[in-house]
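Colleague: Input: one structure, supplied below.
Number of protein chains: 2
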Amino acid sequence: MASIKDVAAAAGVSVATVSRVLNGHPSVSAEARARVMGAVAQLGYRPNAVARSLRTDQTHTLGLVISDVLNPYFTELARSVEEEARALGYSVIIGNADERPELQDHHVRNLLDRRIDGLLVSPTDGGSPLMLDAVRAGTPMVFVDRWIPGVEVPVVRADGRAAVRDLVAHLHRLGHRRLAIIAGPAATTTGSERVEAFRAALAEYGLLLPDAYIGQGDFQAESGRRVTEGFLDLPEPPEVVFAADNLMALGALDAVRARGLRVPDDLALAAFDDIPWFVHTDPPVTAIAQPTGELGRAAVRALVDRIEGRTPQSVTLPARLVVRRSCGEATPTPEITPPTQSPSPVQRSTS
Amino acid sequence: MASIKDVAAAAGVSVATVSRVLNGHPSVSAEARARVMGAVAQLGYRPNAVARSLRTDQTHTLGLVISDVLNPYFTELARSVEEEARALGYSVIIGNADERPELQDHHVRNLLDRRIDGLLVSPTDGGSPLMLDAVRAGTPMVFVDRWIPGVEVPVVRADGRAAVRDLVAHLHRLGHRRLAIIAGPAATTTGSERVEAFRAALAEYGLLLPDAYIGQGDFQAESGRRVTEGFLDLPEPPEVVFAADNLMALGALDAVRARGLRVPDDLALAAFDDIPWFVHTDPPVTAIAQPTGELGRAAVRALVDRIEGRTPQSVTLPARLVVRRSCGEATPTPEITPPTQSPSPVQRSTS
DNA sequence: CTGAAAGCGCTTACAG
DNA sequence: CTGAAAGCGCTTACAG
Numbered sequence: 001m002a003s004i005k006d007v008a009a010a011a012g013v014s015v016a017t018v019s020r021v022l023n024g025h026p027s028v029s030a031e032a033r034a035r036v037m038g039a040v041a042q043l044g045y046r047p048n049a050v051a052r053s054l055r056t057d058q059t060h061t062l063g064l065v066i067s068d069v070l071n072p073y074f075t076e077l078a079r080s081v082e083e084e085a086r087a088l089g090y091s092v093i094i095g096n097a098d099e100r101p102e103l104q105d106h107h108v109r110n111l112l113d114r115r116i117d118g119l120l121v122s123p124t125d126g127g128s129p130l131m132l133d134a135v136r137a138g139t140p141m142v143f144v145d146r147w148i149p150g151v152e153v154p155v156v157r158a159d160g161r162a163a164v165r166d167l168v169a170h171l172h173r174l175g176h177r178r179l180a181i182i183a184g185p186a187a188t189t190t191g192s193e194r195v196e197a198f199r200a201a202l203a204e205y206g207l208l209l210p211d212a213y214i215g216q217g218d219f220q221a222e223s224g225r226r227v228t229e230g231f232l233d234l235p236e237p238p239e240v241v242f243a244a245d246n247l248m249a250l251g252a253l254d255a256v257r258a259r260g261l262r263v264p265d266d267l268a269l270a271a272f273d274d275i276p277w278f279v280h281t282d283p284p285v286t287a288i289a290q291p292t293g294e295l296g297r298a299a300v301r302a303l304v305d306r307i308e309g310r311t312p313q314s315v316t317l318p319a320r321l322v323v324r325r326s327c328g329e330a331t332p333t334p335e336i337t338p339p340t341q342s343p344s345p346v347q348r349s350t351s
Numbered sequence: 001m002a003s004i005k006d007v008a009a010a011a012g013v014s015v016a017t018v019s020r021v022l023n024g025h026p027s028v029s030a031e032a033r034a035r036v037m038g039a040v041a042q043l044g045y046r047p048n049a050v051a052r053s054l055r056t057d058q059t060h061t062l063g064l065v066i067s068d069v070l071n072p073y074f075t076e077l078a079r080s081v082e083e084e085a086r087a088l089g090y091s092v093i094i095g096n097a098d099e100r101p102e103l104q105d106h107h108v109r110n111l112l113d114r115r116i117d118g119l120l121v122s123p124t125d126g127g128s129p130l131m132l133d134a135v136r137a138g139t140p141m142v143f144v145d146r147w148i149p150g151v152e153v154p155v156v157r158a159d160g161r162a163a164v165r166d167l168v169a170h171l172h173r174l175g176h177r178r179l180a181i182i183a184g185p186a187a188t189t190t191g192s193e194r195v196e197a198f199r200a201a202l203a204e205y206g207l208l209l210p211d212a213y214i215g216q217g218d219f220q221a222e223s224g225r226r227v228t229e230g231f232l233d234l235p236e237p238p239e240v241v242f243a244a245d246n247l248m249a250l251g252a253l254d255a256v257r258a259r260g261l262r263v264p265d266d267l268a269l270a271a272f273d274d275i276p277w278f279v280h281t282d283p284p285v286t287a288i289a290q291p292t293g294e295l296g297r298a299a300v301r302a303l304v305d306r307i308e309g310r311t312p313q314s315v316t317l318p319a320r321l322v323v324r325r326s327c328g329e330a331t332p333t334p335e336i337t338p339p340t341q342s343p344s345p346v347q348r349s350t351s
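Sequence lines, in order, name chains A and B. Take the first sequence: its position 178, counting from 1, is numbered 178 in full-length UniProt numbering, and each next residue is one higher. Take the second sequence: its position 76, counting from 1, is numbered 76 in full-length UniProt numbering, and each next residue is one higher.
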């Protein structure tokens with residue numbers, strides 16, 4: 001591969017001059033610039049980003065550690081992160097933690113070793129020593145979706161509390177009283193918050209969330225299946241299951257179908273995170289939709305602000321309920337709240 | 001951040017010795033080793049991968065350029081690629097082409113600039129000059145899923161012809177005669193091959209594939225929607241639509257539902273690529289399943305073989321038909337072919 | 001077993 | 001406007 005020396009030789013100038021034209025430095029004569037450009041084109045020269053990074057101590061790269069690539073929510077998040085980063089002149093390297101803390105640490109370490117300029121993390125746990133050290137060492141970092149309490153890092157996330165309240169109102173209106181939840185790991189904020197939001201909303205209707213109705217999942221499909229089976233085996237099974245993410249909802253659907261039961265007749269189902277497939281499942285699934293793309297973009301902006309010396313902003317965006325048929329036929333409501341107006345509109349899907 | 005000099009100073013040895021213990025070089029005294037390890041632990045030292053790469057001309061990194069991260073097929077592929085790469089001591093950087101050739105080139109260029117050790121590509125088009133140059137320049141490369149004819153690069157992919165033949169047999173048995181396809185871009189191999197396999201299978205039943213029944217999609221959902229609407233507007237609409245990937249099948253479902261029609265009564269549907277959601281759609285979708293994980297792993301092995309001086313092997317694995325209900329009720333067959341036995345078993349799903 | 005030194009491909013003050 | 005030189009953090013022949 002041609003190096004800057006080859007270009008300099010071909011253009012009859014010094015490597016310093018080549019470097020200057022490559023970096024758009026103003027003080028280069030038009031003639032030198034032309035000769036260099038010619039040599040670059042002729043040799044098909046491409047600057048070595050590794051060498052440049054070593055010298056400048058910048059990689060123009062962001063690390064993104066997501067909890068699970070197989071989760072469409074994170075996949076959409078990753079896509080918007082890459083898009084915004086590209087627009088701001090950064091590339092992104094994705095690490096998939098697969099909901100496993102050790103794998104998360106592996107990727108954080110790898111990313112740090114590569115000297116990425118900043119790190120976007122959706123933590124799989126309560127914060128490993130490695131991650132805490134990285135924060136203390138001053139690594140620019142921003143949490144997306146999930147975060148670690150007590151750590152001085154900006155957080156970009158959705159607040160689902162109002163939407164969960166809307167969901168419980170919807171369920172109550174349909175006559176459901178025994179409501180259960182498939183929770184994510186308690187060590188994650190989204191794992192515990194969604195349970196708490198659910199519990200608080202139930203309390204408003206004088207309903208309790210007994211321990212037997214809190215199933216411990218790990219945000220992956222298999223756990224949703226297992227927990228749902230446990231619910232169905234209860235002497236008094238719940239009437240509704242609220243899955244704290246879309247993959248556990250998939251597992252719940254598997255479990256219900258495997259027993260030859262039907263949603264919503266035998267068990268109603270709702271999920272956190274809305275995905276395109278929920279429109280076409282049997283039945284279409286009532287879900288809480290996050291503004292995923294906007295979260296990804298806001299997270300990148302916050303991180304780049306931090307990297308470039310500006311003050312990063314934490315951002316909290318509202319999630320919203322999308323009612324479909326998986327909790328029972330909704331009694332038709334005359335007014336339809338427009339989707340973008342109120343802070344937490346109950347959007348009635350056309351499906 | 002502590003550098004190798006700091007470690008050397010703290011341990012009272014030269015940087016050469018530090019480097020040797022870090023790299024497991026045998027000729028280091030036990031005492032020096034212990035002192036270095038101590039200093040490393042105490043300083044929390046981590047080698048700078050950028051500097052190491054510059055020096056060794058190796059990044060231990062693979063580039064993976066996929067066509068679309070939002071496609072669950074590619075997401076699963078990416079996951080298995082990362083897993084196998086990690087097992088072999090490599091990390092992977094993913095670039096998402098989003099089915100856009102310019103974006104694909106952007107990522108290839110970025111990856112090349114970063115001096116990745118090798119490139120895994122699922123080409124979005126027939127091969128840009130940039131990609132062709134990279135091959136000519138000797139960049140270790142392997143094509144996965146899609147490939148570029150006439151280019152001397154190993155290919156790891158699934159052969160769907162037998163499964164497509166099984167699909168057409170299934171459709172014919174159900175009485176369908178007017179069969180249409182939503183194709184991918186003709187510039188991609190999977191775009192054209194799936195049409196040709198479909199056409200050839202139809203011919204075995206004396207059926208034609210008229211131009212009006214070949215819709216041009218781009219492997220993304222919106223195109224599936226648009227093409228399906230076109231089919232439904234035809235004076236004589238098809239009885240079945242075969243979507244060449246799962247996202248276009250999603251678009252087809254959208255279009256059918258938007259018109260208040262039903263699958264399979266008004267229009268039957270089948271898809272290339274099987275995904276977990278197809279079990280739970282209304283109705284469950286008959287699909288052709290690829291051995292995605294195995295493809296990803298085989299591709300990595302081939303690429304690493306090439307990188308490490310061994311001779312890489314092209315690999316072709318069979319895809320198989322999974323019958324569900326989206327093409328009409330199947331007449332129950334007495335024997336169930338075990339999924340792993342025959343080269344192209346027609347697996348009857350339990351859903 | 002160990003260290004001094006060269007060099008990977010760049011960028012950037014410094015001097016002219 | 002231009003070039004010689006230093007230096008980023010490593011690895012690795014070379015000499016001892």
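Glycine residues also receive a C-beta, built at the ideal position from the N, C-alpha and C atoms.
Provide the residue span of the alpha helix (DSSP H) that contains Asp113/A, from first to last.
Modeller: 101 to 113
Colleague: Kindly say whether Arg20/B, judged by its beta-carbon, lies nearer than 8 Å to any beta-carbon of chain A.
Modeller: No, Arg20/B does not count as interfacial toward chain A.
Colleague: Going by DSSP, what residues sit across from Val279/B in a beta bridge?
Modeller: Val279/B is not bridged to any residue.
Colleague: Give the interface partners of Gly80/B over in chain A, defined as CB-CB distance under 7 Å, in chain order.
Modeller: One point to set straight first is that residue 80/B is Ser, not Gly, in the sequence displayed. Here the premise fails: no neighbours, minimum Cβ distance about 11 Å.
Colleague: Taking a Cβ distance cut-off of 7 Å, strictly less, list which residues of the segment 92 to 118 of chain A are near chain B, in chain order.
Modeller: Ile93, Ile94, Asn96, Asn110, Leu112, Asp113, Arg114, Arg115
Colleague: Since Leu269/A sits in a beta bridge, which residues does DSSP pair it with?
Modeller: Val241/A
Colleague: Roughly how many angstroms separate the alpha carbons of Val142/B and Pro154/B, rounded to a whole number?
Modeller: 5 Å
Colleague: Going by alpha carbons, who is nearest to Arg306/A out of Val36/A, Val15/A, Thr139/A, Ser29/A?
Modeller: Thr139/A
Colleague: In whole angstroms, give me the CA-to-CA distance for Ser3/B and Asn48/B.
Modeller: Going from the Cα of Ser3/B to the Cα of Asn48/B covers about 8 Å.
Colleague: Can you name the residues of chain A whose CB is closer than 8 Å to the CB of Leu54/B?
Modeller: What Leu54/B touches in chain A: Asn48, Val50, Ala51, Leu54.
Colleague: Are three or more beta carbon pairs between the segment 223 to 238 of chain B and the segment 195 to 209 of chain B nearer than 8 Å?
Modeller: no
Colleague: Taking 8 Å as the CB-CB cut-off, is Glu76/B touching chain A?
Modeller: Under the 8 Å criterion on CB atoms, Glu76/B is classed as interfacial with respect to chain A.
Colleague: Under 8 Å between C-beta atoms, does Val164/A make it to chain B?
Modeller: no
Colleague: Give me, in chain order, the residues of the same chain whose beta-carbon lies closer than 6 Å to that of Asp273/A; leave out the 5 immediate sequence neighbours on both sides.
Modeller: Tyr73, Asp245, Asn246
Colleague: Starting from the beta carbon of Thr281/A, find every residue of chain B whose beta carbon is closer than 8 Å, and list them in chain order.
Modeller: Trp277, His280, Thr281, Asp282
Colleague: So which residues on chain B does Asp133/A lean against when the C-beta distance must stay under 9 Å?
Modeller: Contact annotation for Asp133/A against chain B: Gly44 [CB-CB distance below 9 Å, chain order].
Colleague: Does the count of Cβ pairs from the segment 255 to 262 of chain A and the segment 284 to 300 of chain A closer than 8 Å reach three?
Modeller: Contact between the segment 255 to 262 of chain A and the segment 284 to 300 of chain A is absent: fewer than three C-beta pairs spanning the two stretches fall below 8 Å.
Colleague: Determine the direct distance from the alpha carbon of Leu295/A to that of Asp265/B, and round the result to whole angstroms.
Modeller: 40 Å
Colleague: Can you list, in chain order, the residues of its chain whose CB lies under 6 Å from that of Ser122/A, leaving out five sequence neighbours each side?
Modeller: If we look at Ser122/A and ignore the five residues flanking it on each side, its Cβ neighbours are Ile66, Ser67, Val144, Asp145, Arg146.
Colleague: Where does Pro264/A sit, in a helix, a strand or coil, going by DSSP?
Modeller: coil
Colleague: Going along chain A, which residues have a C-beta under 7 Å from Leu179/B?
Modeller: Ordered by position in chain A, no residue passes the 7 Å Cβ test against Leu179/B, which lies about 22 Å from the chain.
Colleague: Check the Cβ of Leu88/A against every Cβ in chain B and list those closer than 9 Å, keeping chain order.
Modeller: Within 9 Å Cβ-Cβ: nothing; Leu88/A doesn't reach chain B, min ~14 Å.
Colleague: Note the first and the last residue of the continuous beta strand (DSSP E) segment covering Asn96/A.
Modeller: 91 to 96
Colleague: Is it the case that the segment 110 to 126 of chain B contacts the segment 85 to 99 of chain B, given that we only count it when at least three CB pairs across the two stretches are under 8 Å?
Modeller: Contact holds: three or more Cβ-Cβ distances are below 8 Å.
Colleague: Tell me the DSSP secondary structure of Met248/A in three-state form.
Modeller: helix
Colleague: Using a Cβ-Cβ cut-off of 8 Å (strictly less than) and excluding sequence neighbours within five positions of Pro332/B, which residues of its own chain qualify?
Modeller: Unreliable positioning characterises Pro332/B in this predicted model, as indicated by a pLDDT of 47, which lies under 50. A coordinate reading is not provided.
Colleague: How is Leu130/A classed by DSSP in three states: helix, strand or coil?
Modeller: helix
Colleague: Which partner residues does Pro318/A have in the DSSP bridge list?
Modeller: Asp159/A
Colleague: Are Leu321/A and Ala163/A touching if we call contact CB-CB under 8 Å?
Modeller: yes
Colleague: Quick check on Ala186/A: does DSSP put it in helix, strand or coil?
Modeller: In the displayed model, Ala186/A falls within coil according to three-state DSSP, outside both helix and strand.
Colleague: How far does the beta strand (DSSP E) with Ile116/A in it reach, from first residue to last?
Modeller: Here Ile116/A belongs to no beta strand (DSSP E), and DSSP marks it neither H nor E.
Colleague: When DSSP builds the beta bridges, which residues end up paired with Arg64/B?
Modeller: One point to set straight first is that residue 64/B is Leu, not Arg, in the sequence displayed. Bridge pairing for Leu64/B: Ile94/B, Leu120/B [DSSP].
Colleague: Does Pro332/A come within less than 8 Å of chain B when only Cβ atoms are used?
Modeller: Caution applies to Pro332/A, whose pLDDT of 47 falls short of 50 and renders its modelled position unreliable; the value that the coordinates give is listed next. No, Pro332/A lies away from the interface with chain B (no Cβ there is under 8 Å from its Cβ).
Colleague: Could you work out which residues of chain A lie near Val144/B, taking near to mean beta carbons separated by less than 9 Å?
Modeller: Neighbours of Val144/B on chain A: none; closest Cβ ~16 Å, over 9 Å.
Colleague: Should the segment 180 to 198 of chain A be regarded as contacting the segment 214 to 224 of chain A, the criterion being three or more beta carbon pairs within less than 8 Å?
Modeller: With a cut-off of 8 Å, the segment 214 to 224 of chain A and the segment 180 to 198 of chain A count as touching, because enough Cβ pairs lie within range.
Colleague: Check Met141/A in the structure and name its three-state DSSP category.
Modeller: In the three-state DSSP reduction, Met141/A falls in the strand class (E or B).
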